[in-house]
Amino acid sequence: MYWQLFIDIEQTGLTGARQRSSTPSAPPSKSMHRSARFPMKSAFIFDLDGTLIDSVYQHVIAWTEALTSEGLSLPVSRIHRKIGMSSELFVKQLLREVGGRINTDRVDRIKKRQKEAFDRLNGQIQPLPGARELLAALTGADIPWAIATSGSPEATASNMEKLSLDTSKTLVLTGDEVEHGKPEPDLFLKAAERLAFRLSARTSLATAYGTCSALGDAMRWDWD
């Protein structure tokens, strides 16, 4: 679960985590800052929507409105499971599923209407519980992390504000920075490169799901 990750950080005594005991204790040593779950050479790469920000259902509503405007009706479940893809690929896949015409003008119209609907719903969006604390705990423990999202730079900037993150001090990659968006791994690979990580045979994908897909796409890589 989402909170399990934060609880594990808290129990190792990492900087920034709340203390469970009221008994004063000496500050933890550097060696204590790394548990078996957080080896010495680790980093985390997070998705944004549905991982740190509670925005999945607003995306579903916005895509539903956009598709309906083109006379397309799809079950919400089919839209929901594609949230997180790049918008271009998202639209093309859905049009293929319903046998709709795929041309640049139609794709652009649907994307534009989705953006307009999503912007209208933006005021409803809030960080997921524990997201700020989790990132603060990782930062306090000197564990590097980054955000890799398919969202536009504008939407990402708005979400960063909701998380109280300084964009000038946070490594954030958006979908326009790679040729192939999600579900291709390009964004995560580029983020790993920017974090100066080298993927190895011991690369691991750490994924956990809470009630709102809270930590759906968190990734962790180990150095060789």
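Okay, so the sequence shown: first residue is 1 according to full-length UniProt numbering, each after it adds one. Every residue gets a Cβ at the ideal spot worked out from N, C-alpha and C, and that includes glycine.
Check, Outcome
"Residue 155 beta carbon less than 7 Å from that of residue 191", "no"
"Coil, strand or helix - residue 46 by DSSP", "strand"
"Residues that residue 149 bridges to, as DSSP identifies them", "174"
"Contact between the stretch 76–94 and the stretch 53–64 (3+ Cβ pairs under 8 Å)", "yes"
"Paired residues, beta bridge with residue 230 - DSSP", "Examination of residue 230 is not possible in this model, given that the chain is present from 1 through 224 alone."
"Same chain only: Cβ atoms within 6 Å of residue 144, ignoring 5 sequence neighbours per side", "43 and 195"
"Alpha carbon of residue 75 to alpha carbon of residue 168, nearest angstrom", "40 Å"
"Exposure of residue 172, with buried meaning 16 or more beta-carbon neighbours within 10 Å", "buried"
"Residue 180 burial status per 10 Å Cβ neighbour count (16 or more: buried)", "exposed"
"Where residue 83 falls: helix, strand or coil (DSSP)", "strand"
"Residue 178 classed as buried or exposed, judged by whether at least 16 other C-beta atoms fall within 10 angstroms", "buried"
"Classification of residue 182 by the beta-carbon crowding that lies within 10 angstroms, buried from 16 upward", "buried"
"Cα-Cα separation between residue 90 and residue 120, rounded to whole angstroms", "20 Å"
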